[in-house]
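In full-length UniProt numbering, the protein residues as written are 1 to 218. Heads up, the beta-carbon is just placed ideally off N, CA and C, and yes, glycines get one too. These numbers come from a predicted model, not from an experiment. Structure first, commentary second.
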Ligand SMILES: N[C@@H](CCC(=O)N[C@@H](CS)C(=O)NCC(=O)O)C(=O)O
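Rendered as C-alpha cells:
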C-alpha cells in the first residue's frame, strides 16, 4: 500500500504526518499543495478537504482522511508495533498521552500558532507582522510553557520515557518557535532538554531532510 500525502514541506501539520509515516516506515507519495499560492482552496483540494486545508492522506483504495491528529492516529492503528508506539497499549498511559494531546490543541496551539503566523508565516508571505498580536500570543503561551517545563521534569518525554503522540503533537510547532522566539524554550531547562531529545531523533532528522527536499513553496 502506498499512500498519497497532500501537504507542504514547511507546514507543521504536514510534518506531524510525515514523522508518523517515517516512524512506521510506511512509504508515501507526496503531492505538494502550495498554501502560499492558495492551492489548498482549489476545487480539487476542496473535494479532498471541505475546509480547503492540508494535510490529507489518501489510501490506494481511495479512503481519505484530513486533520493531522486523526491521520496520525490512523497510521498508528495500522502499524502499532512498528517504530515508536505513539499511543501506548496500556489504557492509563494512553489516557495520559491523550490528555497532553488535548492540551496541545486547547492550551498550546492557539498562542503557538499565533506566534508562528506573526513571526514565521507573515514574513515569508511578505505580510507585515502585527507586533501587538505577537506579544499578546507570547504572553498567553508563557504559563502553558511553565506547566510543560514542570511536566517534563524527571523523565524524557511528556508521558514517561517513550516518545508518543503527546510529543509529536507539539514538536513541529516548537521547532518553529525555537527559530523565531527560541528564548521561550531555552529559559526552561526541562523543555529545552526535551526539545533537544526530540529533534535528535532519526525520524525527525528525516522529516527535516524531507522538508529540504520537498518542492519549494515559493
Ligand atoms: N487542525 C488541522 C489544521 C489544518 C491547517 O490549518 N493546515 C494549514 C497548514 S499547517 C493550512 O492548510 N493552512 C492554509 C489555510 O488555512 O488556508 C490539522 O491539524 O490538520
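{"query": "What is the DSSP secondary structure of residue 183, reduced to helix, strand or coil?", "result": "helix"}
{"query": "Name the one or two DSSP bridge partners that residue 65 has.", "result": "57"}
{"query": "Less than 8 Å between C-beta atoms, sequence neighbours within five positions excluded: which residues of the same chain meet that for residue 48?", "result": "6, 56, 58, 64, 66"}
{"query": "Closest to residue 13 by C-alpha separation, out of 199, 197, 175, would be which residue?", "result": "175"}
{"query": "Quick test of your reading: residue 88 and residue 164, contact by CB under 8 Å. State the CB separation rounded to the nearest angstrom.", "result": "6 Å"}
{"query": "What do you reckon, are the CB atoms on residue 155 and residue 104 nearer than 7 Å?", "result": "no"}
{"query": "Would you list the one or two residues that DSSP bridges to residue 148?", "result": "Its beta-bridge partners do not exist; DSSP assigns none."}
{"query": "Spell out the partners DSSP gives residue 29 in its beta bridges.", "result": "4"}
{"query": "Should residue 218 be labelled buried (16 or more other beta-carbon atoms within 10 Å of its own) or exposed?", "result": "Bear in mind that a pLDDT of 29 at residue 218, under 50, signals an unreliable position, so the number given afterwards is only what the model happens to contain. Under this definition residue 218 is an exposed residue."}
{"query": "Three-state secondary structure (DSSP) at residue 217?", "result": "Note on residue 217: pLDDT 37, under 50, position unreliable in the model; the coordinate value appears next. Three-state DSSP puts residue 217 in coil, outside helix and strand."}
{"query": "Sorted by chain position, which residues of the same chain lie with C-beta nearer than 6 Å to residue 3's C-beta, five sequence neighbours on each side aside?", "result": "28, 57"}
{"query": "Keeping to the same chain, check which residues put their C-beta closer than 6 Å to that of residue 79; ignore five residues upstream and five downstream.", "result": "24"}
{"query": "Between the Cα of residue 137 and those of 22, 128, 109, 121, spot the shortest distance and give me the residue it belongs to.", "result": "109"}
{"query": "Using 8 Å for Cβ pairs, my map puts residue 191 next to residue 152. What's the rounded Cβ distance?", "result": "6 Å"}
{"query": "With burial defined as no fewer than 16 other Cβ atoms inside 10 Å of the residue's Cβ, what is the status of residue 83: buried or exposed?", "result": "buried"}
{"query": "Under the assumption that residue 188 contacts residue 130 (Cβ atoms under 8 Å), give the Cβ distance between them as a whole number of angstroms.", "result": "About 26 Å separates the two Cβ atoms, so there is no contact after all."}
{"query": "Answer yes or no: the CB of residue 35 versus the heavy atoms of ligand 1, is any distance below 6 Å?", "result": "yes"}
{"query": "Is there a C-beta anywhere in chain C that falls below 7 Å from the one on residue 91?", "result": "Among the protein chains of the structure shown there is no chain C, as only one such chain exists."}
{"query": "Is residue 26 near ligand 1, with its Cβ less than 6 Å from a heavy atom?", "result": "no"}
{"query": "Verify whether the separation of the beta carbon atoms of residue 180 and residue 127 is less than 7 Å.", "result": "no"}
{"query": "Following a CB-centred definition, is residue 113 positioned closer than 6 Å to any heavy atom of ligand 3?", "result": "By its list of ligands, the structure shown excludes ligand 3, since it contains just ligand 1."}
{"query": "Could you spell out the range, first to last residue, of the alpha helix (DSSP H) harbouring residue 17?", "result": "12-23"}
{"query": "Please tell me whether residue 196 and residue 22 are closer than 7 Å, where the distance is taken between their beta carbons.", "result": "no"}
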